[in-house]
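Asker: Dumping the structure here so I can ask a few things about it.
There are 4 protein chains.
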Amino acid sequence: MRVAFLGLGAIGRPMALRIARAGHQLTVWNRTAKRADDFARAGDIAVAPTPMDAVRDADVIVTCLSTSADVEEVLNDGVFEAITHGTTLIDCTSGDPATSRRIAARLAAWNVAFIDAPVSGGVKGAEEGTLTVMCGGEADALERVRPVIEAFGKKIVHCGPVGAGDAVKAMNQALLALTIWGTGEALVALAKLGVAPQVALEVINSSSGRSNASMNLFPERVLTRAFPRTFRLALLDKDVRIAAQIARDEKVPSPLVQLAADLCTLSHVDLGEEADHVEMVKVIERWGQAEVQ
Amino acid sequence: MRVAFLGLGAIGRPMALRIARAGHQLTVWNRTAKRADDFARAGDIAVAPTPMDAVRDADVIVTCLSTSADVEEVLNDGVFEAITHGTTLIDCTSGDPATSRRIAARLAAWNVAFIDAPVSGGVKGAEEGTLTVMCGGEADALERVRPVIEAFGKKIVHCGPVGAGDAVKAMNQALLALTIWGTGEALVALAKLGVAPQVALEVINSSSGRSNASMNLFPERVLTRAFPRTFRLALLDKDVRIAAQIARDEKVPSPLVQLAADLCTLSHVDLGEEADHVEMVKVIERWGQAEVQ
Amino acid sequence: MRVAFLGLGAIGRPMALRIARAGHQLTVWNRTAKRADDFARAGDIAVAPTPMDAVRDADVIVTCLSTSADVEEVLNDGVFEAITHGTTLIDCTSGDPATSRRIAARLAAWNVAFIDAPVSGGVKGAEEGTLTVMCGGEADALERVRPVIEAFGKKIVHCGPVGAGDAVKAMNQALLALTIWGTGEALVALAKLGVAPQVALEVINSSSGRSNASMNLFPERVLTRAFPRTFRLALLDKDVRIAAQIARDEKVPSPLVQLAADLCTLSHVDLGEEADHVEMVKVIERWGQAEVQ
Amino acid sequence: MRVAFLGLGAIGRPMALRIARAGHQLTVWNRTAKRADDFARAGDIAVAPTPMDAVRDADVIVTCLSTSADVEEVLNDGVFEAITHGTTLIDCTSGDPATSRRIAARLAAWNVAFIDAPVSGGVKGAEEGTLTVMCGGEADALERVRPVIEAFGKKIVHCGPVGAGDAVKAMNQALLALTIWGTGEALVALAKLGVAPQVALEVINSSSGRSNASMNLFPERVLTRAFPRTFRLALLDKDVRIAAQIARDEKVPSPLVQLAADLCTLSHVDLGEEADHVEMVKVIERWGQAEVQ
Chain A
-14 MRVAFLGLGA
-4 IGRPMALRIA
6 RAGHQLTVWN
16 RTAKRADDFA
26 RAGDIAVAPT
36 PMDAVRDADV
46 IVTCLSTSAD
56 VEEVLNDGVF
66 EAITHGTTLI
76 DCTSGDPATS
86 RRIAARLAAW
96 NVAFIDAPVS
106 GGVKGAEEGT
116 LTVMCGGEAD
126 ALERVRPVIE
136 AFGKKIVHCG
146 PVGAGDAVKA
156 MNQALLALTI
166 WGTGEALVAL
176 AKLGVAPQVA
186 LEVINSSSGR
196 SNASMNLFPE
206 RVLTRAFPRT
216 FRLALLDKDV
226 RIAAQIARDE
236 KVPSPLVQLA
246 ADLCTLSHVD
256 LGEEADHVEM
266 VKVIERWGQA
276 EVQ
Chain B
-14 MRVAFLGLGA
-4 IGRPMALRIA
6 RAGHQLTVWN
16 RTAKRADDFA
26 RAGDIAVAPT
36 PMDAVRDADV
46 IVTCLSTSAD
56 VEEVLNDGVF
66 EAITHGTTLI
76 DCTSGDPATS
86 RRIAARLAAW
96 NVAFIDAPVS
106 GGVKGAEEGT
116 LTVMCGGEAD
126 ALERVRPVIE
136 AFGKKIVHCG
146 PVGAGDAVKA
156 MNQALLALTI
166 WGTGEALVAL
176 AKLGVAPQVA
186 LEVINSSSGR
196 SNASMNLFPE
206 RVLTRAFPRT
216 FRLALLDKDV
226 RIAAQIARDE
236 KVPSPLVQLA
246 ADLCTLSHVD
256 LGEEADHVEM
266 VKVIERWGQA
276 EVQ
Chain C
-14 MRVAFLGLGA
-4 IGRPMALRIA
6 RAGHQLTVWN
16 RTAKRADDFA
26 RAGDIAVAPT
36 PMDAVRDADV
46 IVTCLSTSAD
56 VEEVLNDGVF
66 EAITHGTTLI
76 DCTSGDPATS
86 RRIAARLAAW
96 NVAFIDAPVS
106 GGVKGAEEGT
116 LTVMCGGEAD
126 ALERVRPVIE
136 AFGKKIVHCG
146 PVGAGDAVKA
156 MNQALLALTI
166 WGTGEALVAL
176 AKLGVAPQVA
186 LEVINSSSGR
196 SNASMNLFPE
206 RVLTRAFPRT
216 FRLALLDKDV
226 RIAAQIARDE
236 KVPSPLVQLA
246 ADLCTLSHVD
256 LGEEADHVEM
266 VKVIERWGQA
276 EVQ
Chain D
-14 MRVAFLGLGA
-4 IGRPMALRIA
6 RAGHQLTVWN
16 RTAKRADDFA
26 RAGDIAVAPT
36 PMDAVRDADV
46 IVTCLSTSAD
56 VEEVLNDGVF
66 EAITHGTTLI
76 DCTSGDPATS
86 RRIAARLAAW
96 NVAFIDAPVS
106 GGVKGAEEGT
116 LTVMCGGEAD
126 ALERVRPVIE
136 AFGKKIVHCG
146 PVGAGDAVKA
156 MNQALLALTI
166 WGTGEALVAL
176 AKLGVAPQVA
186 LEVINSSSGR
196 SNASMNLFPE
206 RVLTRAFPRT
216 FRLALLDKDV
226 RIAAQIARDE
236 KVPSPLVQLA
246 ADLCTLSHVD
256 LGEEADHVEM
266 VKVIERWGQA
276 EVQ
């Protein structure tokens, strides 16, 4: 298929590369043109000077930007009108359901299907084509573009209507934030009381309070004081704020998710744009005046 | 060894039975005498009419009551004075560190060692001798009584000074409460938005937000609407309140653990004494006006 | 001036009546036509069959509906286009800034000014013309329509750009909710400890923790168990949710305002549509199992 | 009466001076002896070298220390035994009910009455004898020592049993913390949206969300950026933690009071020991990246 790919960020690049290598005819666009030019040298890949040029003649359009607002902005300025009727837009942005619904409604007027399809699995998963892809939208549309998604995704889950993919991704991130913070609170208090974090984790990880955070993130990243920068806190903050917004829009009292959102935002302000998401633990450590190590 | 066992509740009974079967000379006491008499018929087990009679001549005393306050109350009325100098008391109650420290200090005046040793693993783990036992106290004392603990425990972890076992247990429970509530908030909001809980869990359980709650409790107990009564919410409430107290005593700001404690308490009031801990999800469902199924 | 008034609710009616009595030429519209007809009998007041008919030829349009979404909906269906260029719309709805800004932008395209102007002071204030009116929008536009606002408002405050009136109103309501809940928590805990609420309030109201809630609402409405239905909790819930949304949109971590929003929502679900806002105290009483009386 | 006064801190000194000037025969003790010697020069005041010497022969003992734990510590080491049977101890410390009850029980064994009597009104109120005094304990005992309390207190309120005075004081402080933080959140968000704080306060202070914080503290101390150091945040933190403890002990779910306690503790860590309580607003400003001025 002819695929247009808009947004060659850290995750977008390896995804686009896998699409090209799967035999699809790829045209890319990126806001910073040099990044697109560098990327295109990787193979038989066309570079479009504008989004409008990229989408013209494409059977499938893939967007992978920072926020749904960025997607909406790129689609304005004539792109909506330039997309070929009957095609499908796959939005791999970690977006928000409300904006995705608005974009989908505008595309529907041009008979273009919209699939929100945020991914999880990181850069490594993108390179290896093992991403989990959470999809929202019509089942038929998803089936038509499944070959493109399969180029980079291994577990492809149809979550529900437009926005459902965004929503599942956001809620997963909220649970990630909750378990990092909660485990951090527990381990800082235990450290002050005289329990070594590795001993506490040995118990918790064979008991009912265990989570991905306690089983993987704390042993590998916190106790080692490595805090590798794999996923920016700034992005987790954005994701958890989307989760909090969804709970509000759906009128579900959600005191923990709401509090998690504010804890992410204040940690983001405290630790800056480059901090990794797991570094939030440092805020708890400063407040509690003890280290988890 | 001569072992006195005080408190034959749901967990205490199979623990005491395993101690007897391991060849120790067992004397039991229970507030409701009939329960002790029934239990003693299981084998060569003595029943003591009072705690004082039970502890006299024992090498090791095991207590397994509802709260540390219950332990302190039983030990008053002459029991402190009746315990043989040089022996050890193992308290398997899910207790609180402050009371455990106070009991330990009083016992120390009689040259009796104290080990707080709450367990996890449920009735099944007690019957099979596969409990995890979280121990606080002197390493020497723990070594001396390890043969008794090994009768019912498989994973025996020395967590730190007196109270450390209580503290680790309480914090594990707080994380259990946090993950049940957080996952509940997420799934109720997603259900209202149109995402089926099993689909959401399929994604979350292969992503970073997964926990014991999302991987086991929700699929087996909530989505099935089975809500089996395996561990009372009333007890989880007590445990999480201990966790919240520890964080306050250690002066660790812990907004999530504190909020979890209040969510457990209000759910406990709403659902009553017999409700299982996982039934807390029903409170979120009522507030959010959607079911997780 | 020729004034069109859309929305004859409990507050809208006395406001509209005061506008008519101040000598303005009034045309009213209400979704339920009978209410408009009944109202018109009060004097020389015209009834319009549709919003479009109401706004045609008006110099000033006043809207007073439940939510900003209601205002937007009424303005669709040709009303935007029917409004005379150069006129001003005063929206007395307790609205949300984001929707107000969107409405203002659409009106600006027709050269119509927009003032968000939510009020406080209740039905009594509307009848007596003593409302506080919080205005957002251009100062010039506000000056032009001040004579209409003065018909029902005594304290008219220009708060800032479009949405600023909505925002100040919403934040006031969030502080109202916070002080009702916080004072409720304090008095329920004190009651259980043995302090009579009137004694606690005697101290608090001469000390630093006092608020409108502690000085007026609790003595007059809670301790008397009167709970008069003056302002529905459903409306407070809506307002505090707007406040929480504003804090999120402005990226201000606001754990108390967010929590207040969820406490209002869950109380609203628990107590139903007709409950008064002060009845939230009953939820705290049930959770805490003590009464404030 | 012969009055022993233990603890000549910022508030204690002017209180003791007023007792002496009211004609009572005063003996003082202070941990730092020089402070007691300096104070005694003010008049016909005796200085005792130890607490035991101070209380011997006193009809009434007044303690005014930092915490209930400090009171308990001073009373140990023979002081309990040195107090004359039939006398009364008035504890003006901002204490906690649990420790006060424990002290009272020990004093009761010596037939000494205990009144917890924390004060509000600051140094100025102490100097002018206009303090509010919140009393817990037996009504008879309070009547007997009322002449001493009247030397420094104007509004003397009998709140309930032992601990009731502590509890009312603590809850007032929790409401103070809640209104400072809540108003801070509201004003920071409004400032970012474009509403000047003095305009927002003008509206709020004539509406339902007003409190002592919004009417007095913000206009006088925050908007002026004066932040005078009148009452240390470290002390407010201690007080609100007592309030949170009371709510937990009374099993009253109290999410706002609990959150307020953690917000005070983290602000205390962030701003240091010397910060004034109103400076907490600076934490909200840093998180929200806008100033209230």
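Protein chains in written order, with this note's numbering: chain A, -14 to 278; chain B, -14 to 278; chain C, -14 to 278; chain D, -14 to 278. We put the CB at the ideal spot given by N, CA and C, even for glycine. In this text the structure is predicted, and so the values were computed from the model without any measurement.
Is K236/D close to chain B? Criterion is C-beta to C-beta, closer than 8 Å.
Answerer: Along the fourth sequence, read from residue 1 onward, the residue named residue 236/D stands at position 251. Chain B, which has a Cβ nearer than 8 Å to the Cβ of K236/D, makes this yes.
Asker: Do the segment 44 to 57 of chain C and the segment 70 to 81 of chain C meet, that is, are 3 or more Cβ pairs less than 8 Å apart?
Answerer: Enough Cβ pairs lie closer than 8 Å, so yes.
Asker: In terms of residues, what are the limits of the beta strand (DSSP E) holding A98/B?
Answerer: Along the second sequence, one-based indexing puts residue 98/B at 113. A98 to D101 is the span of the beta strand (DSSP E), which, as asked, contains A98/B.
Asker: Would you mind giving the Cβ-Cβ distance between A155/B and D224/B, rounded to the nearest angstrom? I have them listed as a contact below 8 Å.
Answerer: Within the second sequence, residue 155/B is the residue found at index 170, counting from 1. Within the second sequence, residue 224/B is the residue found at index 239, counting from 1. 5 Å between Cβ atoms; contact.
Asker: Anything in chain C within Cβ reach of R(-13)/A, meaning under 9 Å, just list it in chain order.
Answerer: One-based indexing of the first sequence puts residue -13/A at position 2. What R(-13)/A touches in chain C: nothing, since even the nearest Cβ is about 37 Å away.
Asker: Name the residue from F137/A, N61/A and T48/A whose alpha carbon lies nearest to the alpha carbon of F99/A.
Answerer: In the first sequence, residue 99/A corresponds to position 114, counting from 1. Comparing Cα-Cα distances from F99/A to each of F137/A, N61/A and T48/A, the minimum goes to T48/A.
Asker: I want to know whether the segment 258 to 278 of chain A touches the segment 214 to 231 of chain A - three or more CB-CB distances under 8 Å.
Answerer: Enough Cβ pairs lie closer than 8 Å, so yes.
Asker: Given this structure, state the Cα-to-Cα distance separating T72/B from V64/D, to the nearest angstrom.
Answerer: For the purposes of this step, residue 72/B is taken as the residue at position 87 of the second sequence. For the purposes of this step, residue 64/D is taken as the residue at position 79 of the fourth sequence. Their Cα atoms are separated by approximately 36 Å.
Asker: Among A245/D, W272/D, I227/D and C144/D, which one has its Cα closest to the Cα of T164/C?
Answerer: Counting from 1 along the third sequence, the entry for residue 164/C is found at position 179. Checked all of A245/D, W272/D, I227/D and C144/D; the closest Cα to T164/C is A245/D.
Asker: In chain order, which continuous runs of the alpha helix (DSSP H) of length 4 or greater are located wholly inside the segment 10 to 78 of chain C?
Answerer: You should have 18 to 25, 36 to 40, 53 to 60 and 64 to 67.
Asker: Can you find a C-beta in chain A that's less than 8 Å from the C-beta of S79/B?
Answerer: Residue 79/B sits at position 94 when you count from the first residue of the second sequence. Not one chain A Cβ lies under 8 Å of S79/B.
Asker: Based on the DSSP output, what are the partners of D261/C in its beta bridges?
Answerer: Residue 261/C sits at position 276 when you count from the first residue of the third sequence. Partner(s): R217/C.
Asker: Any chance you could list the beta strand (DSSP E) runs of at least 3 consecutive residues sitting entirely within the segment 125 to 157 of chain C, in chain order?
Answerer: Fully enclosed beta strand (DSSP E) runs of 3 or longer: 138 to 145.
Asker: On the DSSP letters alone, give me the boundaries of the alpha helix (DSSP H) that A1/C sits inside.
Answerer: Residue numbering aside, residue 1/C sits at position 16 when the third sequence is read from its first letter. Here the alpha helix (DSSP H) through A1/C covers G(-3) to R6.
Asker: Identify whether M200/B lies in helix, strand or coil by the three-state DSSP scheme.
Answerer: For the purposes of this step, residue 200/B is identified with residue 215 of the second sequence, where counting begins at 1. Reduced to three states, the DSSP call for M200/B is helix.
Asker: When burial is assigned at 16 or more other CB atoms within 10 Å of the CB, is E270/B buried or exposed?
Answerer: Position 285 of the second sequence, counted from the start, is the residue given in the question as residue 270/B. Buried: at least 16 other Cβ atoms inside 10 Å.
Asker: In angstroms, rounded to a whole number, what distance separates the CA positions of T115/B and G(-6)/A?
Answerer: As a position in the second sequence, residue 115/B is number 130, starting the count at 1. As a position in the first sequence, residue -6/A is number 9, starting the count at 1. Taking the straight line joining both Cα atoms gives about 49 Å.
Asker: Which residues, taken in chain order from the segment 236 to 254 of chain D, show a beta carbon closer than 7 Å to some beta carbon of chain B?
Answerer: For the segment 236 to 254 of chain D, which is checked against every Cβ of chain B, the residues closer than 7 Å are K236, P238, S239, P240, Q243, L244, D247, T250 and L251.
Asker: Is the Cβ of M156/C closer than 8 Å to any Cβ of chain D?
Answerer: For the purposes of this step, residue 156/C is identified with residue 171 of the third sequence, where counting begins at 1. It does; some Cβ of chain D falls within 8 Å.
Asker: Return yes when at least one heavy atom of the ligand GDP lies under 7 Å from the C-beta of A31/B, else no.
Answerer: The ligand GDP is absent from the structure shown, which contains no ligands of any kind.
Asker: Can you give me, in chain order, the residues of the segment 87 to 99 of chain C that have a beta carbon less than 9 Å from any beta carbon in chain B?
Answerer: Of all residues in the segment 87 to 99 of chain C, none has a Cβ within less than 9 Å of some Cβ in chain B.
Asker: I'd like the list of long-range same chain contacts for A33/D, defined as Cβ closer than 6 Å, with 5 residues on each side in sequence excluded.
Answerer: Counting from one through the fourth sequence, the residue named residue 33/D turns up at place 48. Excluding residues within five positions, the ones whose Cβ falls inside 6 Å are T12, W14 and A39.
Asker: Are L160/B and A111/A touching if we call contact CB-CB under 8 Å?
Answerer: In the second sequence, residue 160/B corresponds to position 175, counting from 1. In the first sequence, residue 111/A corresponds to position 126, counting from 1. Their beta carbons are not under 8 Å apart, which means L160/B does not touch A111/A by this criterion.
Asker: Among residues of its own chain, excluding the 5 on either side of R(-2)/A, which ones have a beta-carbon nearer than 7 Å to its beta-carbon?
Answerer: Start at 1 with the first residue of the first sequence, and residue -2/A comes out as number 13. These residues qualify, in order along the chain: F24.
Asker: Which whole-angstrom value is the C-beta distance of A136/D and A7/D, which I expect to be below 8 Å?
Answerer: By one-based count along the fourth sequence, residue 136/D stands at place 151. By one-based count along the fourth sequence, residue 7/D stands at place 22. Their Cβ separation, rounded to whole angstroms, is 4 Å, which keeps A136/D and A7/D in contact under 8 Å.
Asker: Please compile the residues from chain D whose C-beta is within a distance smaller than 9 Å of the C-beta of W272/A.
Answerer: By one-based count along the first sequence, residue 272/A stands at place 287. Correct list: D247, T250, L251, V254 and D255.
Asker: Would you mind telling me which residues of chain C sit closer than 8 Å to R195/D, beta carbon to beta carbon, in chain order?
Answerer: Here residue 195/D refers to the residue found at position 210 when the fourth sequence is read from its first residue. Result: L160, S196 and N197.
Asker: Would Q230/B count as contacting chain D if we go by Cβ distances under 8 Å?
Answerer: Working through the second sequence from its first residue, we reach residue 230/B at position 245. Yes, because at least one Cβ of chain D sits closer than 8 Å to the Cβ of Q230/B.
Asker: With 16 other CB atoms within 10 Å as the buried threshold, where does P103/A fall?
Answerer: Residue mapping note: residue 103/A aligns to position 118 of the first sequence, counting from 1. Burial call: buried.
Asker: Which two residues bound the contiguous beta strand (DSSP E) that contains T117/C?
Answerer: By one-based count along the third sequence, residue 117/C stands at place 132. Its beta strand (DSSP E) spans residues L116 to G121.
Asker: Taking buried to mean at least 16 other C-beta atoms within 10 Å of its own C-beta, is P213/C buried or exposed?
Answerer: Residue numbering aside, residue 213/C sits at position 228 when the third sequence is read from its first letter. Exposed: under 16 other Cβ atoms inside 10 Å.
Asker: Would you report the Cα separation of V254/C and G148/A, rounded to the nearest angstrom?
Answerer: Within the third sequence, numbered from 1, the residue matching residue 254/C stands at position 269. Within the first sequence, numbered from 1, the residue matching residue 148/A stands at position 163. Taking the straight line joining both Cα atoms gives about 26 Å.
Asker: For the segment 127 to 144 of chain B against the segment 182 to 191 of chain A, do three or more pairs of beta-carbon atoms, one drawn from each stretch, fall closer than 8 Å, so that the two count as touching?
Answerer: At 8 Å Cβ cutoff, the stretches touch.
Asker: Flag I189/C as yes if its beta-carbon sits less than 8 Å from any beta-carbon of chain D, otherwise no.
Answerer: The sequence position of residue 189/C within the third sequence is 204, counting from 1. By this cut-off, I189/C is an interface position.
Asker: Assuming the contact rule is C-beta atoms closer than 8 Å, V173/C and G106/C should be a hit. Round their C-beta distance to whole Å, please.
Answerer: Locating residue 173/C in the third sequence gives position 188, where the first residue counts as 1. Locating residue 106/C in the third sequence gives position 121, where the first residue counts as 1. Actually they do not touch by this definition, with Cβ atoms about 30 Å apart.
Asker: Is R233/A closer than 8 Å to A229/C when the C-beta atoms are compared?
Answerer: Stepping through the third sequence from its first residue, residue 229/C is reached at position 244. Stepping through the first sequence from its first residue, residue 233/A is reached at position 248. Contact: yes.
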